[in-house]
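**Q** Pasting in a structure now, in structure tokens, and then I'll have a few things to ask.
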Amino acid sequence: MATEEERTTEVTRTVSPDTNGVKRQTVSGPVFAERLVYYLGGAVLTLLLLRFLLALLGANRANPFADLVFGLSYPLVWPFFGLFSFQPSYGNATFESATLVAMVVYGIFITGLAKVFTLHRRDRGEA
1 MATEEERTTE VTRTVSPDTN GVKRQTVSGP VFAERLVYYL GGAVLTLLLL
51 RFLLALLGAN RANPFADLVF GLSYPLVWPF FGLFSFQPSY GNATFESATL
101 VAMVVYGIFI TGLAKVFTLH RRDRGEA
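This is the structure we're talking about:
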């Protein structure tokens, strides 16, 4: 019969059999909220970029895709239309400066809002 000393082995690395050596990393609530704001904000900015490009290329509003983009983005751009006395016209190539201003303003707002969630984080390198 083997003694207890013969069965003892030195373990240098512990790997859980059900994780296949993959270490799970969880993020804190504030980091998750920051990422969520960036993802949603990125979707808004992408929509505004599509609007700008479609207007610049003179997209036909009768097209369902163009109509969807213009319809969804109109409430986001509407507050900025009066800055440069802009009259929206669809079907003609138009440089919508109000859309560019909206993208800058929303981009600054999104960045500020995302950073609010992680102001008091101790480890700034946490991702």
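So for the sequence shown, UniProt numbering puts the first residue at 1; every next one is plus one. The C-beta atom is built at its ideal place from N, Cα and C for all residues, glycine as well.
Where residue 71 and residue 27 are concerned, what is the direct C-alpha to C-alpha distance, given to the nearest angstrom?
**A** Working through the sequence shown from its first residue, we reach residue 71 at position 71. Working through the sequence shown from its first residue, we reach residue 27 at position 27. In a straight line, the C-alpha of residue 71 is about 36 angstroms away from that of residue 27.
**Q** Please classify residue 109 as buried or exposed, where buried requires at least 16 other C-beta atoms within 10 Å of its C-beta.
**A** Residue numbering aside, residue 109 sits at position 109 when the sequence shown is read from its first letter. That one is exposed.
**Q** Which residue comes first and which comes last in the alpha helix (DSSP H) that contains residue 34?
**A** Counted from its first residue, the sequence shown places residue 34 at position 34. Residue 34 -> alpha helix (DSSP H) spans 29–56.
**Q** How many angstroms separate the CA atom of residue 65 from the CA atom of residue 33?
**A** As a working mapping, residue 65 is identified with position 65 in the sequence shown. As a working mapping, residue 33 is identified with position 33 in the sequence shown. Answer to the nearest angstrom: the Cα atoms are 31 angstroms apart.
**Q** Between the Cα of residue 73 and those of 93, 50, 120, 85, spot the shortest distance and give me the residue it belongs to.
**A** As a working note, residue 73 is residue 73 in the sequence shown. Nearest of 93, 50, 120, 85 to residue 73, Cα basis: 50.
**Q** Let me confirm a value: residue 99 is counted as buried when at least 16 other C-beta atoms fall within 10 Å, else exposed. Which label applies?
**A** Working through the sequence shown from its first residue, we reach residue 99 at position 99. When all chains shown are included, residue 99 counts as buried.
**Q** Determine whether the beta carbon atoms of residue 102 and residue 76 lie at a separation below 8 angstroms.
**A** In the sequence shown, the residue the question calls residue 102 occupies position 102. In the sequence shown, the residue the question calls residue 76 occupies position 76. Taking 8 angstroms as the Cβ cut-off, residue 102 and residue 76 qualify as a contacting pair.
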